[in-house]
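From first to last, the protein sequence lines are chains A and B.
Position in the first sequence (from 1) plus 755 gives the number in our numbering.
Position in the second sequence (from 1) plus 755 gives the number in our numbering.
Backbone N, C-alpha and C define an ideal beta-carbon position, used for all residues, glycine too.
Right, one structure below, let's go through it.
Protein chains: 2
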Amino acid sequence: MGVRAQQKEKTRRALVDAAFNQLSAERSFSSLSLREVAREAGIAPTSFYRHFKDMNELGLTMVDEGGLTLRQMMRKGRQRAEAGGSVIRISVDTFIEVLESNPNVFRILLHERSGTSAAFRAAVEREIEHFISELAHYTEAQANRTPDLARAQAEALVILVFNAGASALDLKRSERKALADQLVLQLRMVATGAEALQQKMDNRT
Amino acid sequence: MGVRAQQKEKTRRALVDAAFNQLSAERSFSSLSLREVAREAGIAPTSFYRHFKDMNELGLTMVDEGGLTLRQMMRKGRQRAEAGGSVIRISVDTFIEVLESNPNVFRILLHERSGTSAAFRAAVEREIEHFISELAHYTEAQANRTPDLARAQAEALVILVFNAGASALDLKRSERKALADQLVLQLRMVATGAEALQQKMDNRT
DNA sequence: TAAATTAGCGTACAAATGTACGCTCAACTT
DNA sequence: AAGTTGAGCGTACATTTGTACGCTAATTTA
């Protein structure tokens, strides 16, 4: 890659990073202005357009990138689970860690999921869908579930985890422990219930 | 109430209604400006201050009012359930109806739950908490649950319902049917699972 | 009836925003 | 070596925003 393209990429990164850094509990993506982001990235407002058509395009990039980051981290965590122990417990702990080290990545997904732009909502759903289908396949194979039961179960699990994540963002570290415990309990409910429903269906034939 | 106070109340309502009416899939509360709301309500921008300190105060009013509306409608629906039939099924159907007739009320709760203002988030949580504790008490009495198991179960149920609501907002009427069915399945999972866990605990003593 | 209160208005202003336009100059192509 | 490209900049402008201030006129209070 030429010097020129390299520099361009660097600036582009600066923009994305600047936007991520400006996110916080008090600042959502949609409240960021193009000028603010450019300022933080150290370029002139008008130079922004050399990289993105508008703020929307930046945001979608962030959603995609953020989703990827999250999935990679979760996958890494799942490897730990293969060494033995409760899958649920380990997944929850991993998730909390991911959350703590990337709060802003999680924030944008969470907020834009119920956001004002259809494109954003779709992008977030797509990311969540990745989680769900990965998990559904896992359960289908592991626990011999009917596809649609596996699907419903996986979806319920993911939703519960995401929502707990949302609450966790506002909590102190000590309170998070209790939250994680309750989440584990809820996930077990779903898993146990799914198993019971599956049994009932199997016996009926 | 004097003529004067009556007129004031009327204008205040006009403001709240104007704000609710401007909400849509493409327009969140935080994207509304004070001037827009005033314009829609048919008063001068500066007159806004005769009723609310700022947009934030308006928003909090809307959250409180919206939560109240939702709870009243759900309560009315629960009466239908007492006539017999699956509590879960009837509650879900009621919820979908409520959603369809008050999409904007639901939207503001949903969006501000992950919003940018701590006050808003707290207000929404408070509303959701109402739902949860009502349901937890119901379950505790009805199904002899341990308090904390009842609590975890109720929370899981409410979260699943709310999330399905969020998805439903983006769906056509025909697709909502399938969504409702899956939701019912998920709720049954939680209920069944909670029951099984309860049994296990009981047997252990 | 006289005085006090106040909802609503119009004017005004500073601040911030998105973006059009044209320039520069370093990097790349031929 | 000569010519082309394009990232980044500065200037400029029309819009929109929140809100300060002071007035009016109708209602309420005394």
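Backbone CA spacing between residue i and residue j [nearest angstrom]
i: L815 of chain A; j: Q908 of chain A; result: 29 angstroms
i: V758 of chain B; j: K765 of chain B; result: 11 angstroms
i: L823 of chain B; j: E882 of chain B; result: 8 angstroms
i: H892 of chain A; j: G821 of chain A; result: 23 angstroms
i: Q941 of chain B; j: R844 of chain B; result: 11 angstroms
i: F775 of chain B; j: D809 of chain B; result: 16 angstroms
i: R862 of chain B; j: R835 of chain B; result: 25 angstroms
i: L865 of chain A; j: L865 of chain B; result: 11 angstroms
i: E950 of chain A; j: A898 of chain B; result: 20 angstroms
i: G839 of chain B; j: S869 of chain B; result: 37 angstroms
i: D903 of chain A; j: V879 of chain A; result: 22 angstroms
i: N958 of chain B; j: N958 of chain A; result: 25 angstroms
i: D819 of chain A; j: M829 of chain A; result: 16 angstroms
i: S922 of chain B; j: E837 of chain A; result: 33 angstroms
i: M956 of chain A; j: A933 of chain B; result: 20 angstroms
i: R876 of chain A; j: T960 of chain B; result: 48 angstroms
i: A760 of chain B; j: E895 of chain B; result: 46 angstroms
i: K831 of chain A; j: D848 of chain A; result: 12 angstroms
i: K927 of chain B; j: K927 of chain A; result: 40 angstroms
i: R833 of chain B; j: N918 of chain A; result: 25 angstroms
i: S929 of chain A; j: M756 of chain A; result: 48 angstroms
i: S846 of chain A; j: S788 of chain B; result: 42 angstroms
i: R790 of chain A; j: E791 of chain B; result: 23 angstroms
Expected contact under 8 angstroms - CB spacing of residue i and residue j to nearest Å
i: V916 of chain B; j: I887 of chain B; result: Incorrect: roughly 11 angstroms between the Cβ atoms, too far for contact.
i: M944 of chain A; j: G920 of chain B; result: M944 of chain A to G920 of chain B, Cβ: 21 angstroms. No contact.
i: L952 of chain A; j: A780 of chain A; result: L952 of chain A to A780 of chain A, Cβ: 39 angstroms. No contact.
i: F784 of chain A; j: E884 of chain A; result: Between E884 of chain A and F784 of chain A the Cβ distance is about 21 angstroms, and since that is not below 8 angstroms, they are no contact.
i: A773 of chain B; j: A796 of chain B; result: 4 angstroms
i: S802 of chain A; j: A793 of chain A; result: 7 angstroms
i: L813 of chain B; j: L770 of chain B; result: 7 angstroms
i: H806 of chain B; j: R782 of chain B; result: The Cβ separation is near 21 angstroms, so there is no contact.
Residue range of the alpha helix (DSSP H) that includes residue i
i: G832 of chain B; result: 810 to 837
i: R933 of chain A; result: The residue asked about is misnamed: residue 933 of chain A is Ala in this sequence, not Arg. 928 to 958 is the span of the alpha helix (DSSP H), which, as asked, contains A933 of chain A.
i: P902 of chain B; result: 902 to 924
i: I845 of chain B; result: 842 to 856
i: E781 of chain A; result: Run containing E781 of chain A: none; DSSP gives neither H nor E here.
i: L789 of chain A; result: 789 to 796
i: S802 of chain B; result: Element bounds for S802 of chain B: n/a, residue is neither H nor E.
i: V871 of chain A; result: It should be noted that the sequence gives Thr, not Val, for residue 871 of chain A. Run containing T871 of chain A: none; DSSP gives neither H nor E here.
Spatially closest choice to residue i from the options, by CA coordinates
i: E745 of chain B; options: B:T901, B:R876, B:R906; result: With chain B covering only 756 through 960, there is no way to say anything about residue 745 of chain B.
i: L938 of chain A; options: B:A911, B:T960, B:A935, B:D848; result: B:A911
i: M817 of chain A; options: A:A933, A:R959, A:A874; result: A:A874
i: L778 of chain B; options: B:V879, B:S846, B:N859; result: B:N859
i: F850 of chain A; options: A:A935, A:T871, A:V879; result: A:A935
i: N857 of chain A; options: A:K932, A:A896, A:E837, A:R826; result: A:R826
i: A946 of chain A; options: A:V879, A:V842, A:Y804; result: A:V842
i: T871 of chain A; options: A:N811, A:K831, A:R767; result: A:N811
i: Q954 of chain B; options: B:V847, B:S929, B:E930, B:T901; result: B:T901
i: R931 of chain B; options: B:T894, B:A896, B:M756, B:E852; result: B:E852
i: L763 of chain B; options: B:R790, B:S788, B:Y804, B:L789; result: Looking at the sequence provided, one finds Lys at residue 763 of chain B rather than Leu. Nearest C-alpha to K763 of chain B: B:Y804.
Residue i: CB within 7 angstroms of a non-hydrogen atom of the ligand FMN
i: Q777 of chain B; result: The ligand FMN is not among the ligands present in this structure, which contains no ligands whatsoever.
Item checked: chain B contacts made by the segment 780 to 813 of chain A, where a contact means CB separation under 8 angstroms -> A780, E781, R782, S783, S785, S786
Next item on the list: Mind checking the segment 923 to 935 of chain B against chain A and listing, in chain order, the residues whose C-beta falls within less than 8 angstroms of any C-beta there?
Entry: D925
Checklist line | Interface positions of the segment 868 to 882 of chain A facing chain B (Cβ-Cβ less than 9 angstroms), listed along the chain | finding: R868, S869, G870, T871, S872, A873, R876, A877, E880
Note to self: Against chain A, which members of the segment 818 to 838 of chain B pass a CB distance test of less than 9 angstroms?
What the structure shows: none
Next item on the list: With 9 angstroms as the limit, tell me which residues of the segment 908 to 919 of chain B have their beta carbon closer than that to any beta carbon of chain A; keep them in chain order.
Entry: Q908, E910, A911, I914, L915, F917, N918, A919
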